[in-house]
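Asks: The structure follows.
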C-alpha cells in the first residue's frame, strides 16, 4: 500500500460498465515528501479507482497491481490502482526514518 495525494479527476466520455458507482482520480505519490525528502519536480501521475469519495487534495492509501482488483471479486473490474482509505493524518517517527536510511546506505 502506498500514500498518494489527489490532484484531480479523470473524465471519460465512455467508460466500462464496471466503472459505475465510482470515479477515477488523478493522484501523485507522497512517499518522498512524507519522509522528509524533496518531492520530484515532475512526479508520476497514477489514475486510481475511488468509490469512497476522496476529494481534491485528499491524502489516500492506494493498493495497486493485482491486489487492486481483489475488493471486487468475484465481479471483474479493470483497475490497476484502488483507493483503499482516505487518510486524516499520518504520523511518522523521525528516528525510525533515520534508522531506515542508515540501513539503506549500508
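Residue numbers (my numbering): 8 to 113.
Virtual Cβ for every residue (Gly too), placed ideally from N, Cα, C.
Here the structure is a predicted model, which is why all the values come from computation and not from measurement.
Let me confirm a value: residue 109 is counted as buried when at least 16 other C-beta atoms fall within 10 Å, else exposed. Which label applies?
Replies: The residue labelled residue 109 in the question sits at position 102 within the chain shown. Exposed, since its Cβ has fewer than 16 Cβ neighbours within 10 Å.
Asks: Looking at the secondary structure, which residues open and close the alpha helix (DSSP H) in which residue 112 lies?
Replies: For the purposes of this step, residue 112 is taken as the residue at position 105 of the chain shown. It spans 101-112 - the alpha helix (DSSP H) in which residue 112 sits, taken as one unbroken run.
Asks: Using only CA atoms, which one of 58, 11, 86 lies nearest to residue 35?
Replies: Residue 35 sits at position 28 when you count from the first residue of the chain shown. Checking every option, the nearest Cα to that of residue 35 belongs to 11.
Asks: Can you check which of these residues, 39, 98, 73, 32, is closest to residue 64 by C-alpha distance?
Replies: Here residue 64 refers to the residue found at position 57 when the chain shown is read from its first residue. Of 39, 98, 73, 32, the residue nearest in Cα terms is 32.
Asks: In terms of residues, what are the limits of the beta strand (DSSP E) holding residue 41?
Replies: The sequence position of residue 41 within the chain shown is 34, counting from 1. Where residue 41 is concerned, there is no enclosing beta strand (DSSP E), although the alpha helix (DSSP H) it sits in stretches over 38-41.
Asks: For the beta strand (DSSP E) that contains residue 52, what are its first and last residues?
Replies: Here residue 52 corresponds to residue number 45 of the chain shown, with the count starting at 1. Here residue 52 belongs to no beta strand (DSSP E), and DSSP marks it neither H nor E.
Asks: Are the Cβ atoms of residue 73 and residue 67 separated by less than 8 Å?
Replies: Here the question's residue 73 lines up with position 66 in the chain shown. Here the question's residue 67 lines up with position 60 in the chain shown. No, they are not a contact pair.
Asks: Can you check DSSP and say which residues form a bridge with residue 35?
Replies: Against the chain shown, residue 35 aligns to sequence position 28. Beta-bridge pairing links residue 35 to 12.
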